[in-house]
Each structure stands twice: as C-alpha cells, then as structure tokens.
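Asker: If you're matching positions, the sequence shown starts at 372 in my numbering and goes up one per residue.
Cβ coordinates follow ideal geometry from the N, Cα and C atoms, glycine included.
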Amino acid sequence: MEQITVVTGGSSYPVHIGEDVYRLFSEEYKELLLQADKIAVFADGTAAGLHADVLMTALERAGVRPLIHLLPSGEASKTADSFIACQSFLLLHGFTRNSLLIAFGGGACGDLTGFVAATFMRGIPFLQCPTTILAHDSAVGGKTAINMPEGKNMVGAFHQPAGVLFESRLFATLPEREVRSGMAELLKHAMISDAAWADALLSDMRFPHLPPAELDRELMKGIQVKAAIVGADEFEQGTRKFLNFGHTLGHAAEAYFGYGAVSHGECVMIGMAYSMLLSETFGGVRPEETDRFIGSAVRSGYPLERLLDVPFGPLLDFMRKDKKAVHGEIIFVLLEHTGRPFTQPVPESVLASAYSELATRIRKGLQS
Ligand SMILES: NC(=O)c1ccc[n+]([C@@H]2O[C@H](COP(=O)([O-])OP(=O)(O)OC[C@H]3O[C@@H](n4cnc5c(N)ncnc54)[C@H](O)[C@@H]3O)[C@@H](O)[C@H]2O)c1
Ligand SMILES: [Zn+2]
Numbered sequence: 372m373e374q375i376t377v378v379t380g381g382s383s384y385p386v387h388i389g390e391d392v393y394r395l396f397s398e399e400y401k402e403l404l405l406q407a408d409k410i411a412v413f414a415d416g417t418a419a420g421l422h423a424d425v426l427m428t429a430l431e432r433a434g435v436r437p438l439i440h441l442l443p444s445g446e447a448s449k450t451a452d453s454f455i456a457c458q459s460f461l462l463l464h465g466f467t468r469n470s471l472l473i474a475f476g477g478g479a480c481g482d483l484t485g486f487v488a489a490t491f492m493r494g495i496p497f498l499q500c501p502t503t504i505l506a507h508d509s510a511v512g513g514k515t516a517i518n519m520p521e522g523k524n525m526v527g528a529f530h531q532p533a534g535v536l537f538e539s540r541l542f543a544t545l546p547e548r549e550v551r552s553g554m555a556e557l558l559k560h561a562m563i564s565d566a567a568w569a570d571a572l573l574s575d576m577r578f579p580h581l582p583p584a585e586l587d588r589e590l591m592k593g594i595q596v597k598a599a600i601v602g603a604d605e606f607e608q609g610t611r612k613f614l615n616f617g618h619t620l621g622h623a624a625e626a627y628f629g630y631g632a633v634s635h636g637e638c639v640m641i642g643m644a645y646s647m648l649l650s651e652t653f654g655g656v657r658p659e660e661t662d663r664f665i666g667s668a669v670r671s672g673y674p675l676e677r678l679l680d681v682p683f684g685p686l687l688d689f690m691r692k693d694k695k696a697v698h699g700e701i702i703f704v705l706l707e708h709t710g711r712p713f714t715q716p717v718p719e720s721v722l723a724s725a726y727s728e729l730a731t732r733i734r735k736g737l738q739s
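1. So ILE439 packs on ALA414, CB below 8 Å; how close in whole Å?
2. Any heavy atom of ligand 1 closer than 7 Å to the beta-carbon of ASP508?
3. Quick one: give me the first and last residue of the alpha helix (DSSP H) that THR490 is part of.
4. Put ALA632 into one of helix, strand or coil per three-state DSSP.
5. Would you decide whether ASP693 is buried or exposed? Buried here means 16 or more other CB atoms lie within 10 Å of its CB.
6. Which residue from ASP680, VAL681, PHE653 and MET643 puts its Cα closest to that of ARG663?
7. Buried or exposed for SER573, going by 16 or more other Cβ atoms inside 10 Å?
8. Starting from the C-beta of PRO385, find all residues in its chain whose C-beta is less than 6 Å away, skip the five residues before and the five after it, and write them out in chain order.
9. So does HIS560 have its beta carbon nearer than 7 Å to some heavy atom of ligand 2?
10. Using the rule of at least 16 other Cβ atoms within 10 Å of the residue's Cβ for burial, across every protein chain shown, is LEU405 buried or exposed?
11. Please return the same chain residues whose Cβ sits closer than 7 Å to the Cβ of SER634, not counting the five positions on each side in sequence.
12. Confirm the yes/no value for this check: CB of SER743, any heavy atom of ligand 1, distance under 7 Å.
13. On the premise that THR515 lies in contact with ALA489, defined as a C-beta separation below 8 Å, what is that separation, rounded to the nearest angstrom?
14. Take ALA626 as the anchor and find which of LEU463, SER720 and MET690 has the nearest alpha-carbon.
15. Considering MET525, what are the terminal residues of the beta strand (DSSP E) in which it resides?
16. Pick from GLU605, GLN458 and ALA510: whose alpha carbon is nearest that of THR379?
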C-alpha cells in the first residue's frame with residue numbers, strides 16, 4: 372500500500388492506494404467514523420452491485436453500519452435531480468452537521484457526493500472510496516460538481532475530502548472502455564509534467580492489461596502530479612489550470628455527444644490531440660509529435676474518429692462557456708513542449724482552422 376498527503380491551504384489529507392486499503396477504516400479512520408452521528412454511503416449502482424460487500428464488511432469491522440443510497444451508474448448521477456434526491460435522503464434520515472458521507476464509485480459518484488457534502492447543512496465531511504482508474508484524478512483535489520444541460524460541471528464547489536481510499540482490486544471489473552478513459556487522465560498528468568514519462572506511456576499503451584502493481588505505481592505518480600499542483604493552487608488561480616489540458620475541447624465534445632455516450636477520458640484524449648495541434652502554433656510542439664500522439668491514441672482504441680462527423684459550431688458554443696473563458700476569450704492549456712504547459716487565449720478563427728486540420732490529421736492517423 373502506498374500513501375501520500377495532499378496539503379492545501381485549508382486542509383491536509385491522505386490518499387492511500389493498494390490492496391486491502393479498507394482495513395484502514397479500523398485503524399486511522401476509526402475515530403472519524405465513530406465520531407459521526409450518521410454515515411451514508413453514496414454508491415454508484417454498478418460499483419455497488421459488484422463490490423459493495425467489500426466496503427460494507429470493512430466498515431462493519433470498524434464498528435459502523437452506514438445507510439446506503441444507490442445512485443444511477445456513472446454520469447447519469449451527476450444531475451440536479453440526483454443532487455436533490457441525495458439531499459432529501461439525508462434530511463429524511465435525520466442527518467446532521469455531525470454526519471459523514473462516503474463516495475463509492477467513479478468520478479461521477481465522487482463529484483456528486485462531494486458537492487452534496489459541500490452543501491448539506493453548509494458542509495459536512497466526506498471520504499472518497501473511488502472504484503475507477505480515472506478517479507485517481509477526480510477523487511483528489513476537492514473539485515466537486517454536477518452537470519447542467521448547458522454544460523459540464525457548471526454548478527459545484529471546492530470541498531476537500533477527509534481522505535481518499537483507493538482499493539485497487541476493484542479495478543479488475545472495469546470494462547475496457549473505462550480503463551482507457553482512466554488511462555487518458557494518467558497520460559494527461561504525464562503530458563503536463565514529465566516528457567520521459569509521457570513518452571514511455573505513449574510508446575507502450577498496453578491497456579487494459581497493465582499488471583496491478585505496475586498500475587498502482589503509475590497511478591501514484593499521477594496522484595503526485597495532481598497533489599503538487601493542487602497544493603500550490605487550491606482554487607485554480609494559476610497553475611491548477613494546467614490540469615485542464617485537453618479539457619476545453621474535451622468537455623465540449625462530452626456535452627455534444629451527450630454525457631456518458633463517449634467517456635470523459637476518451638473525450639479528453641480528443642481534446643489533448645487538439646491542444647497538441649494548437650501547441651504547434653503557439654508552443655514548440657512539432658507536427659510529428661502530434662501525429663505520434665494521435666497514432667498512439669488510435670492504436671489504443673480511443674474513438675478519435677467520432678469527431679469526424681461533428682461540426683465545429685456546436686463545440687465552439689460549448690467552449691465559450693468553459694470556466695477558463697475570460698472576457699469572452701477562450702483560454703487553452705498548451706505545451707511549450709511535453710512536460711511544460713502554459714495557458715494561451717486563442718482566437719476563434721484560429722480554433723476553427725485548427726479543428727479542420729485536426730480532422731485531416733485524425734484521418735491520417737486512422738490510415739497509418
Ligand atoms: N473533480 C475532479 O477534479 C475531476 C477530475 C476528472 C474527472 N472528473 C469527473 O469524473 C467523471 C468521470 O469519472 P469516471 O471515469 O470514474 O466515470 P464514472 O464515474 O462515470 O464511472 C464510469 C463507469 O464505470 C462504472 N464503474 C465504476 N466502478 C466500477 C468498477 N469497479 N467495475 C466496473 N464498473 C465500474 C460506473 O458505473 C460507470 O458506468 C466525470 O464526470 C468527470 O467530469 C472530475
Ligand atoms: Zn478530466
């Protein structure tokens with residue numbers, strides 16, 4: 372089992388990853404659990420169906436019997452209706468300011484549960500027990516949110532968890548698409564921090580068959596990148612924006628396809644390819660690097676071809692609502708070179724021509 376501590380201005384908390392991390396409920400988390408007057412597990416329906424017994428047995432061993440509130444699987448849970456249903460559940464069951472929530476599922480469940488915890492009675496503590504690879508990103512850093520029909524993650528709050536317990540044995544049941552989705556965020560962490568690491572990932576994207584111990588080590592590296600950035604800039608005034616590499620077009624694509632239709636990480640992969648292309652103009656990325664990125668993504672099964680049928684107009688409308696947009700300018704995270712990100716306002720005319728170039732380059736990648 373590995374552990375690091377995330378230190379932000381307002382709080383610090385541990386992130387644990389490995390096999391059998393839930394035994395920590397009977398050890399360092401026992402006091403937190405026993406202090407709470409009530410505990411609820413907000414659980415992704417699929418994750419709960421497969422693995423709730425692992426969590427509940429460990430909690431019972433620690434002497435607590437939480438209520439379970441089942442959520443729709445995946446992105447369908449991150450809605451205003453679902454948010455209200457969670458709040459009503461807590462009120463109906465007499466939860467108070469001294470209660471505790473536990474998120475058990477992927478990033479969608481964690482984002483929703485975190486937002487409920489941030490707002491119920493003006494804020495109660497919560498633990499993240501993520502069950503997807505992607506959640507090595509989402510469970511760390513305290514961003515919580517729900518989606519709106521108008522855009523992704525549009526309503527939310529910063530609310531740090533009291534701890535993150537990553538039971539890596541639960542990854543075994545992830546479908547290939549979800550492994551791919553999670554590995555895209557891992558690649559993002561590499562692309563913004565470490566050229567050699569990114570290079571290694573791009574040349575050997577053996578998803579979904581990484582041996583578990585190797586995967587844990589890789590995820591810990593990703594968590595370290597995220598923890599360092601969040602520690603330096605909790606509220607995204609500066610460097611935390613770098614974590615949005617690939618997300619400006621990625622979120623737009625996700626909203627366009629319909630939340631959940633193409634996975635978050637798959638959309639981020641599309642967005643990173645676009646950002647690489649823009650980095651040829653504004654940074655020092657060479658065209659062959661972008662082509663290699665696209666080639667690796669295609670070979671690893673990322674559905675870049677989905678973009679070929681998508682007109683630019685609707686994506687631009689979504690990108691105009693991006694939370695990084697300032698005074699009507701769309702701000703992109705680009706690369707001076709791999710490992711060295713910067714932010715750049717990009718005129719819409721440049722975005723449009725880069726988008727048609729992206730289609731050309733994807734076609735080339737599909738043929739090679
Ligand atoms: N808060 C942040 O900083 C942050 C960062 C990155 C992403 N996110 C958010 O995270 C979400 C994506 O997270 P995700 O990729 O984990 O998706 P997800 O939560 O939608 O889960 C993906 C799918 O996997 C299923 N699943 C979960 N655990 C499983 C398991 N162990 N075995 C089999 N199936 C399992 C779910 O039911 C779902 O169908 C997006 O909403 C994104 O916006 C947030
Ligand atoms: Zn993301």
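Answerer: Result, derived from the coordinates:
1. 6 Å
2. yes
3. 478-490
4. coil
5. buried
6. MET643
7. The sequence given here has Leu at residue 573, not Ser. Looking at its Cβ environment, which holds 16 or more other Cβ atoms inside 10 Å, LEU573 is buried.
8. GLN374, THR376 and GLY534
9. no
10. exposed
11. ARG548, GLU549 and SER552
12. Residue 743 falls outside the range modelled here, since the chain spans only 372 to 739, and no answer is possible.
13. 6 Å
14. MET690
15. 522-529
16. GLU605
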